[in-house]
Structures are given as structure tokens and as C-alpha cells.
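Asker: Be aware that the sequence shown starts at 2, since it is given in my numbering, and climbs by one per residue.
Glycine included, every Cβ here is placed at the ideal spot set by N, Cα and C.
Can you keep this structure in mind? I'll have questions shortly.
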Amino acid sequence: MFWKRRGETAGQEPSDGTDTQASAETGGDRSVAKKQEDRTQAQHERESRIAQEVQFQRRNSQISGNEPLSCLKSFDKLLGCYSVSNQIKSIYRFGNLDYDRCKLSFHDFRFCLNLKYNFDNSDPSNDQQSFHWNLRKAQNVFERPNSQDVWDARAVEPLEPSQLK
2 MFWKRRGETA
12 GQEPSDGTDT
22 QASAETGGDR
32 SVAKKQEDRT
42 QAQHERESRI
52 AQEVQFQRRN
62 SQISGNEPLS
72 CLKSFDKLLG
82 CYSVSNQIKS
92 IYRFGNLDYD
102 RCKLSFHDFR
112 FCLNLKYNFD
122 NSDPSNDQQS
132 FHWNLRKAQN
142 VFERPNSQDV
152 WDARAVEPLE
162 PSQLK
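Here's what the structure looks like:
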């Protein structure tokens, strides 16, 4: 055969079926173990990337510390999605109304309202609102294709505006 089985060399055929069966069982066990190891490694890598993204979102987020969460941006995005001009543009471009993007905007707005009214943010050391908001934003980064699939994010602090001149 032109392909090699596990445990065979290029010109050597197995002598009897027992060797093939034994090598297939050990090879199968190894492949299952390797697949599980790859899955756990990929999951661990995803969790570490999400943790890094949470830190990035926390540094660059407009809500940090003990500020109350404002849902105005989410509401404006939702209202803009359902506006007449946006729906006409969607009909012109795609031939139908754009309810999928509006559904995502609605879920963001609903999530924001749930965070705002379900968590007590009176303790400055326990900032649950911004933590959950930043965690959701970080998880959304890795659900869709993005530039971090190609390039790594830089860990460089931005320049002060006075240094740009």
C-alpha cells in the first residue's frame, strides 16, 4: 500500500493480523489520548487568551472602578439598528431586513440591563459589573474571526498626547 500504518515501515508488511490489531489498538489509544490532550491544551490556550483580553478590556474600558454602568451606548446601537435608514440600506445591499445584527444589539442591551440591575456595585473592591462586562467583551472577541488570528496584540502603553507633536 502507498500509505503507512502506525508501527510499520515503508517496505515492511505486517506478518499476521494479530500484530496489526495490537498496533492499531495502541495507536488508537495514543491517538485518542493525543486528541484529548490537544483539546485540553486548546481549551487552556483559549482561557489564557480570554484572560489576557479581559485585562486588555479592563485597561481600555470606559467603565472601571466603581462607576455605574451606562447602557446608553447599547441602547443607541439598538435604536440605530432598527432605524429606517439602516433597514433601507440593508434592503439595498442584501435584499432583506437585517434582523441578525439587530438581534445581537438587543442581546447586548439586555445583558447590560441585567448587569446594571442585578449586581450591587457599592463595594469598590468587588466590581462585578465591569468584570462581567469586560469578560463578555473578551469572549466575543474570540467567537468571531478577528485580527488576532493573524497578528498578536501589542502590549505597548499608548503615548501621551503631548509626545505626539
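(1) Could you check the C-alpha separation between Asn97 and Gln56 for me, to the nearest Å?
(2) I'd like the list of long-range same chain contacts for Arg102, defined as Cβ closer than 7 Å, with 5 residues on each side in sequence excluded.
(3) In whole angstroms, what separates the C-alpha of Asn1 from that of Tyr100?
(4) Quick check: what's the CA-CA separation for Phe76 versus Asn115?
(5) Once DSSP output is grouped into helix, strand and coil, what is the label at Leu105?
(6) Need the endpoints of the alpha helix (DSSP H) that Cys82 sits in, please.
(7) Determine the extent of the alpha helix (DSSP H) in which Asn97 is found, giving its start and end residues.
(8) Going by DSSP in three states, Ala23 sits in which element: helix, strand or coil?
(9) Can you give me the Cβ contacts of Tyr93 inside the same chain, cut-off strictly under 7 Å, excluding the 5 residues immediately before and after it?
(10) DSSP state of Glu144, grouped into three classes?
(11) Skipping 5 residues on each side, what residues in its chain have a beta carbon closer than 7 Å to that of Arg31?
(12) Answer yes or no: do Phe110 and Cys72 have a C-beta to C-beta separation smaller than 8 Å?
(13) What did DSSP end up calling Glu161 once you bin it into helix, strand or coil?
Answerer: Reading from the atomic positions:
(1) Numbered from its first residue, the sequence shown carries residue 97 at position 96. Numbered from its first residue, the sequence shown carries residue 56 at position 55. Each residue's alpha carbon lies about 39 Å from the other.
(2) What you label residue 102 is simply residue 101 of the sequence shown in a count that begins at 1. Contacts found: Cys82.
(3) Absent from the model: residue 1. The displayed extent of the chain is 2 to 166, so no value can be given.
(4) Position 75 of the sequence shown, counting from 1, holds the residue named residue 76. Position 114 of the sequence shown, counting from 1, holds the residue named residue 115. Distance between Phe76 and Asn115, taken at the CA atoms: about 13 Å.
(5) Indexing the sequence shown from 1 puts residue 105 at position 104. Looking at Leu105 - three-state DSSP - the assignment turns out to be helix.
(6) In the sequence shown, counting from the first residue as 1, residue 82 sits at position 81. Here the alpha helix (DSSP H) through Cys82 covers 73-82.
(7) As a working note, residue 97 is residue 96 in the sequence shown. No alpha helix (DSSP H) holds Asn97; DSSP gives it neither H nor E.
(8) Numbered from 1 along the sequence shown, position 22 holds the residue referred to as residue 23. For Ala23, the predicted structure reports a pLDDT of 49, less than 50, and the residue's modelled location is therefore unreliable. The matter cannot be settled from this model.
(9) The residue given as residue 93 occupies position 92 in the sequence shown. No residues qualify anywhere along the chain.
(10) For the purposes of this step, residue 144 is taken as the residue at position 143 of the sequence shown. If DSSP states are grouped into helix, strand and coil, Glu144 belongs with the helices.
(11) For the purposes of this step, residue 31 is taken as residue 30 along the sequence shown, with counting starting at 1. For Arg31, where only same-chain residues beyond five positions count, there are no Cβ hits under 7 Å.
(12) Translated into positions along the sequence shown, residue 110 becomes position 109. Translated into positions along the sequence shown, residue 72 becomes position 71. Yes.
(13) The residue you call residue 161 lines up with position 160 of the sequence shown. DSSP places Glu161 outside both helix and strand once states are collapsed to three, so it counts as coil.
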